[in-house]
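One structure is given here, and the rest of the page talks about it.
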Amino acid sequence: MDINVYLAFAGILLILSVFANQISSKFGIPSLLLFLGLGMFAGIVGHINFTDTGLTNHVGIIALIFILFNGGLLTSWKTAKNDLGRGITLATLGVFITAGCVAAGCYYLLKMPFEISLLLGTIVSSTDAPAVFSLLKMSKICLSPRVRSILEFESASNDPAAVLLTTAAMSYAVQPDLNFDWLADFFFEQILIGLGFGLLFGYVSRYMLRRVRFSYLGLYPVFSIAVALLAYSLPQMLGGSGFLSVYICGIFIGNTAFLYRRSFLRFNDSINWIMQISIFLILGLLVKPRHVMVLLPSALEIALLLILVARPLAVFVCLFKSRFSYTRQTIIAWAGLKGAVPIILATYPLMQNLPHAQYIFNLVFFLVIISVLVQGTALPVLADWLIPPGKEKK
Numbered sequence: 004m005d006i007n008v009y010l011a012f013a014g015i016l017l018i019l020s021v022f023a024n025q026i027s028s029k030f031g032i033p034s035l036l037l038f039l040g041l042g043m044f045a046g047i048v049g050h051i052n053f054t055d056t057g058l059t060n061h062v063g064i065i066a067l068i069f070i071l072f073n074g075g076l077l078t079s080w081k082t083a084k085n086d087l088g089r090g091i092t093l094a095t096l097g098v099f100i101t102a103g104c105v106a107a108g109c110y111y112l113l114k115m116p117f118e119i120s121l122l123l124g125t126i127v128s129s130t131d132a133p134a135v136f137s138l139l140k141m142s143k144i145c146l147s148p149r150v151r152s153i154l155e156f157e158s159a160s161n162d163p164a165a166v167l168l169t170t171a172a173m174s175y176a177v178q179p180d181l182n183f184d185w186l187a188d189f190f191f192e193q194i195l196i197g198l199g200f201g202l203l204f205g206y207v208s209r210y211m212l213r214r215v216r217f218s219y220l221g222l223y224p225v226f227s228i229a230v231a232l233l234a235y236s237l238p239q240m241l242g243g244s245g246f247l248s249v250y251i252c253g254i255f256i257g258n259t260a261f262l263y264r265r266s267f268l269r270f271n272d273s274i275n276w277i278m279q280i281s282i283f284l285i286l287g288l289l290v291k292p293r294h295v296m297v298l299l300p301s302a303l304e305i306a307l308l309l310i311l312v313a314r315p316l317a318v319f320v321c322l323f324k325s326r327f328s329y330t331r332q333t334i335i336a337w338a339g340l341k342g343a344v345p346i347i348l349a350t351y352p353l354m355q356n357l358p359h360a361q362y363i364f365n366l367v368f369f370l371v372i373i374s375v376l377v378q379g380t381a382l383p384v385l386a387d388w389l390i391p392p393g394k395e396k397k
């Protein structure tokens, strides 16, 4: 097919996504759901048989790099540092609790095979940064800076734990008698290397932005892209978490005053939107609606388990005796959306050709749709009901 046809098709999808976001803002529908729907619709109408899970995985990783970098840029360190310990607990222990609850529920209550239960639990264990960041930007949701900050920090930093658990579950599915002594070392290696590189790149970037004046304004966006790519790739090459690194680096830069800072942030916000639209359009193209709809009963059961049991339990345990009231803990529990990250993690079993990998992917995709639809649309109503407008000050 002529390259011009592909370019025209991409342009049409991007324009439709822009208008879809306008609809999202007006009616309170999560924009990510509309982007997914556009991708699925384009696949059906355009007769596009897109099945490249490897490409989807790579595009998803690139998108997450810039989404997390932008999330770090917009994170207020002054607010985030007050609840740093609780945020770390949610991003680690919270992920383990969620994974365990979902896996146990799928195995004991829904009678699913143990390997599938374990993989499902680990894949959907983390909250999703693109979904959470997008949801918190909706003007109809009035949350305190502390609640917003801990939600953003958790969703941006819980990927290492989810990757660790998913890797372990995949290893178990291939070789059940495998020794898992390496898990603790792997986890701490991910955290420490990712944190170290994030601090290093953040400090160096802050120094350069303060001391170096580039000849042209257009070079600042180039510098931004280079920093984000390096902050992710180098720790990944050394066994660390690139996602954690790029988020920490973004926090450093975002809380720094420098020349053309406003233009710098605007550029990254534009890149953030392009990446969000691109990844959800591609994920929509990858899934086949006829394969997903047959999983509706199972997906609903797991979604209820995840939304009403696993996530609240994880939040209430991790925030026990914290400065967050039970009302705010309830809102934090409800705002634990699933999105691109679980779907991207679900592509790993497909790439490894594991048994039931396609079933797991389709089920995770449906769970994400339910999560965004139910939690995303209900959060503004729940927030207004629990904390009336004007009373959320802290």
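When you read off a place in the sequence shown, starting at 1, and then add 3, the result is the number in this note's numbering.
We treat Cβ as the ideally placed atom computed from N, Cα and C, and that holds for glycine.
Burial state of residue i (16 or more Cβ within 10 Å)
i, result
"D184", "exposed"
"G242", "exposed"
"G90", "buried"
"T54", "exposed"
"A13", "exposed"
"K341", "buried"
"K396", "The pLDDT assigned to K396 is 48, lower than 50, so where the model puts this residue is not dependable, and the model offers no usable value."
"Q193", "buried"
"N52", "exposed"
"G88", "exposed"
"A317", "buried"
"L67", "buried"
"G201", "buried"
"S266", "exposed"
"I398", "Residue 398 lies beyond the stretch modelled for the chain, which goes from 4 to 397, so this question has no answer here."
"G160", "Inspection of the sequence shows that residue 160 is occupied by Ser rather than by Gly. With 16 or more other Cβ atoms within 10 Å, it is buried."
"L41", "buried"
Limits of the unbroken alpha helix (DSSP H) element including residue i
i, result
"T130", "Counting along the chain, T130 falls outside any alpha helix (DSSP H), and DSSP gives it neither H nor E."
"I305", "L299 to L308"
"H294", "P292 to M296"
"A313", "Where A313 is concerned, there is no enclosing alpha helix (DSSP H), given that its DSSP letter is neither H nor E."
"K29", "I6 to F30"
"T54", "Unbroken run through T54: none, as it is neither H nor E."
"F327", "Run containing F327: none; DSSP gives neither H nor E here."
"Q239", "L222 to M240"
"N365", "A360 to S374"
"S160", "P148 to S160"
"N275", "R264 to L289"
"F217", "First-last for F217: undefined, no H or E at that position."
"Y250", "G245 to G257"
Separation of residue j from residue i, as counted between CA atoms
i, j, result
"V295", "M240", "35 Å"
"G75", "F69", "10 Å"
"G221", "F44", "37 Å"
"F189", "L123", "21 Å"
"W276", "R269", "11 Å"
"L319", "D86", "A small correction: the amino acid at residue 319 is Phe; Leu does not occupy that position in the sequence shown. Going from the Cα of F319 to the Cα of D86 covers about 15 Å."
"S244", "K324", "30 Å"
"P315", "I334", "9 Å"
"A234", "I47", "38 Å"
"A187", "Y263", "43 Å"
"G31", "Q25", "10 Å"
"S27", "V21", "10 Å"
"A94", "V166", "12 Å"
"F368", "K291", "10 Å"
"V384", "E155", "20 Å"
Contact check, residue i vs residue j, beta carbons under 9 Å
i, j, result
"L168", "T125", "yes"
"A302", "I373", "yes"
"A260", "R213", "yes"
"G253", "T78", "yes"
"F38", "Q279", "yes"
"A313", "I100", "yes"
"G205", "I153", "no"
"L237", "A134", "no"
"I305", "L370", "yes"
"A164", "S128", "yes"
"A386", "L17", "no"
"L247", "L198", "yes"
"R326", "I390", "no"
"P33", "L376", "yes"
"L357", "M115", "no"
"P148", "T82", "yes"
Presumed contact (8 Å Cβ cut-off) between residue i and residue j, rounded CB distance
i, j, result
"L366", "L298", "5 Å"
"V344", "D180", "Rounded, the Cβ-Cβ distance is 30 Å, inconsistent with contact."
"S208", "I256", "5 Å"
"S158", "A132", "4 Å"
"V105", "L308", "6 Å"
"N258", "N73", "With a Cβ gap of about 14 Å, N258 and N73 do not count as contacting."
"L382", "L203", "In fact, because the Cβ distance is near 36 Å, the residues do not count as touching under 8 Å."
"V225", "L71", "At roughly 19 Å, the Cβ-Cβ gap does not stay under 8 Å, so V225 and L71 are not in contact."
"L353", "Q361", "7 Å"
Within-9 Å CB hit, residue i to chain D
i, result
"S266", "Protein chain content of the structure displayed is limited to a single chain, and chain D is not contained in it."
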